[in-house]
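Working notes, structure below.
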Amino acid sequence: MELLTALSSLPCQNCRTSKKRCFHVETGSVAETVQRVKVAAPAVLESHPEADTRESSLGPGRVSEYNPESVLEDLSEEPKSGTRSTSSRPEAQIAPQQQKSPSATHKAQRQLIWYQRHRQKPTPPGLSKPHREYLTEVGAFLDLPRATSNTLLPLYVSLLDDLIPIVDGAGVFRDYSNGKSSIYLVRAMCLVACKIKQAAASLRLKDNGPLLEATKFASELLTGLDAAIKADLELDRVIKVQILALMHLHNDGLAGVDRSAHYLSQAISEAWSLSLHWNIPGNSDQDQCDFLWWTLRNLDRLNKPVMGASPFIIDDTDIALQRITPKEGSYRSHIMGISITLGDLMATATKIYKASSKATADDCLDFPSLSDLTSGTTFDRFHRSHRAYLEIWYHVAAMLSCRYSEPGSIPYNRRLASADRIIDIVLHVGHEGLPPLPLVPYAMSMSTTIIYRALRDEQRDVCSACEGLRFCCDTLDTFSQQWTSAKCVAKLAKRLWRVLTKSEALHEPSPHQHKNSQEKGTSEEAISTDAEDTWAIADLHSSMGAHDRVLDSTTLPQTYHGVTEDAATGSWLESEIQLVQNLPGMDASYFQLDRAFQELFDYGMPNILRDPIAWDVGEIDLNNEFDLSSYLPSPDLE
């Protein structure tokens, strides 16, 4: 108000020249008044610093400007001492651009105070006796034995801490040794680390308790953590975000994929409400919070294709933090720099799968090489498992970038080369040397479908395809010991591999030669031609257009050249269904297997990690057989 009084008491130009008291303020023109205010306002503001008004903060210390509550917050603020409420006179609104914003120091202080006040919940929640008994029963208050934690935490720090910097693993381990760490965070870290081979001998929930398998141990931990999070037992909200992010990395069990996606969504929402996507000056944990937020963003970029349960959640334009770039002497920053770039690549590669996409051709013709993405980093000196994981991530993006391209095209060849490279990485590094993260079994499963498609598209001969499928089967079998979701594609691939390998036996010269080969020690399984597999193999050659092909018993063809015109025109499926209907006694197992694999790769981002109970291909029994009856009118398969 003092500012308005000072402005309104300024004399007009005539009175100022004659040095007389001015009584023309009310009668002067609006233009003259505006001009006087513009001339005098800077000087008056200098002499009246208390007239400085507060601007709305974009930081976490204030309600968002597009929230109606911000108006109520403005009205509820107490005015400064010695001042009165702001006048509604037009003169007060003449030059808003002249108003000063609060100092950067004041704004930073408000942000820091807000963050410190809201990060920690003041008191633990009140629990009723039945609720507490339930939480105790499901393991919400479980404190793992020292022998278990002392084994799993170092494994986590050595293999996963820098690769997915959700927490400061070394710091948590130090706090744990002093009894100061969160028991929930320790259990969440052990949940992820329990799939590492070296952890197998320490998976006990209680001292002197039974030794558990990794899947059982993880299931028990997840149940307790889920109950603890829902009961708000963890008071530190940043630690709660970390726990949820770690829980997201376990996607096994019934509804595991949907549950995993929910944990990530909840972690991002909690981090957003705590304003971790903002830089808060004075925050002693700012570096760790930066790594946490960008890790959430990278997990979000992987969640859409790998889990197939939700879209991208984080928009990069909503992030106020600077991107983490490689820094000298910081191994973690080098890994994060590459991971952020791979997250960008994943978003680009999957644009063609958006529901709104009208594209009918792949547009990722100029796909960057891995060396381009890793230039400026110490990628060649990364830990072997970290380098393998990041390269697998790159090749998954490369495979996803091809959806519509035909055999022989650049995207198609890139996809096939990436599948081969993933198999090569797993072969040389070994499944034990790879991080226990969901991307790895997904990449192996997707590579399996692409190897088969190369055979179907006549880009691979039977011998090479069978060799690749056999390795994929063995690897997926191994992965399925820690990832039950990998069993689906593993069993499907084994069934298909059996049909393909028995095609050689079908074209042996004569049963007499089969008998002689048996006497020489040939495997009985390799020459088995029971009715089921005979029909399946005939179906194989029918679909490949090889009815009259006679294979030499010692030489396999390099490629198939007999794809029928029907297959090229899209009527292959109709001809197969007609074939099954015309031959009621025929086993259409190859038709079903081929259809299942087509659905896996035709959708580009298959839900191959979905729960087996809801998997579209069919239910799996203990004899590694598939009930795929939904694909045929009414076949009796078994």
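So the sequence shown is numbered by this note's numbering: it starts at 451 and just counts up by one. We treat Cβ as the ideally placed atom computed from N, Cα and C, and that holds for glycine.
Proximity to residue 429 [Cα-Cα], best of 939, 945, 933: Past the boundaries of the shown model lies residue 429; the chain is included only from 451 to 1088, so the question cannot be answered.
Using only the alpha-carbon positions, how far apart do residue 711 and residue 699 sit? 9 Å
Please state whether DSSP places residue 924 in a helix, a strand or coil. helix
Any chance you could list the alpha helix (DSSP H) runs of at least 4 consecutive residues sitting entirely within the segment 688-737, in chain order? 706-723
Quick one, which of 929, 570, 893 has its alpha-carbon nearest residue 724's? 570
Exposed or buried, residue 392, counting other C-beta atoms within 10 Å across all chains shown (16 or more means buried)? Because the chain in this structure spans residues 451 to 1088, residue 392 falls outside the shown range and cannot be described.
Of the residues 789, 643, 557, the one placed nearest residue 825, counting alpha carbons only: 789
Taking the alpha helix (DSSP H) that residue 559 belongs to, which residues open and close that run? For residue 559, the enclosing alpha helix (DSSP H) covers residues 554-569.
Could you please give me the residues that DSSP links to residue 777 through a beta bridge? 780
Is residue 794 helix, strand or coil by DSSP? helix
How many Å lie between residue 917 and residue 737 at the Cα? 47 Å
Look at the Cβ atom of residue 642, then the Cβ atom of residue 623, and state whether they are nearer than 8 Å. Not closer than 8 Å, so no.
In angstroms with no decimal places, state the Cα-to-Cα distance between residue 555 and residue 840. The straight-line gap from Cα to Cα measures roughly 41 Å.
If distances are taken between C-alpha atoms only, which option among 848, 577, 830, 866 comes closest to residue 681? 577
CA-to-CA distance, residue 928 to residue 676, given in whole angstroms: In this model, residue 676 and residue 928 are separated by some 28 Å (Cα to Cα).
Is residue 766 helix, strand or coil by DSSP? helix
Can you confirm whether the segment 653-665 touches the segment 559-566 when touching is taken to mean that 3 or more C-beta pairs between the two stretches lie within less than 8 Å? no
Nearest neighbour of residue 557, chosen from 859, 729, 467 [CA to CA]: 729
DSSP three-state label for residue 462, please. coil
Tell me whether residue 618 sits in a helix, a strand or coil according to DSSP, three-state version. coil
Host alpha helix (DSSP H) of residue 666 (start-end): 664-680
Cutting at 8 Å between CB atoms, please list the residues of its own chain near residue 829, excluding the five before and the five after it. 784, 788, 837, 840
Select from 648, 652, 753, 726 the residue whose C-alpha is nearest the C-alpha of residue 890. 753
Thinking just about the alpha-carbon of each residue, which of 726, 778, 709 is nearest to the one in residue 771? 726
May I have the straight-line CA-CA distance separating residue 646 from residue 693, to the nearest angstrom? 19 Å
Exposure of residue 881, with buried meaning 16 or more beta-carbon neighbours within 10 Å: When all chains shown are included, residue 881 counts as buried.
Alpha carbon to alpha carbon, how far is residue 901 from residue 919? Give it in angstroms, no decimals. For residue 919 and residue 901, the distance between alpha carbons rounds to 7 Å.
Could you name the residues of the same chain whose beta carbon sits closer than 6 Å to that of residue 674, not counting the 5 residues immediately before and after it, in chain order? Excluding sequence neighbours, residue 674 sits near 588, 589, 590, 592.
Helix, strand or coil for residue 686, going by three-state DSSP, please let me know. strand
Report the CB separation of residue 714 from residue 749 in whole angstroms; it is logged as a contact under 8 Å. 6 Å
Would the beta-carbon of residue 669 fall within 8 Å of that of residue 703? yes
Extent of the continuous alpha helix (DSSP H) to which residue 604 belongs: 596-609
Taking the C-alpha atoms as reference points, what is the distance between residue 683 and residue 809? 48 Å
In angstroms, rounded to a whole number, what distance separates the CA positions of residue 946 and residue 611? 39 Å
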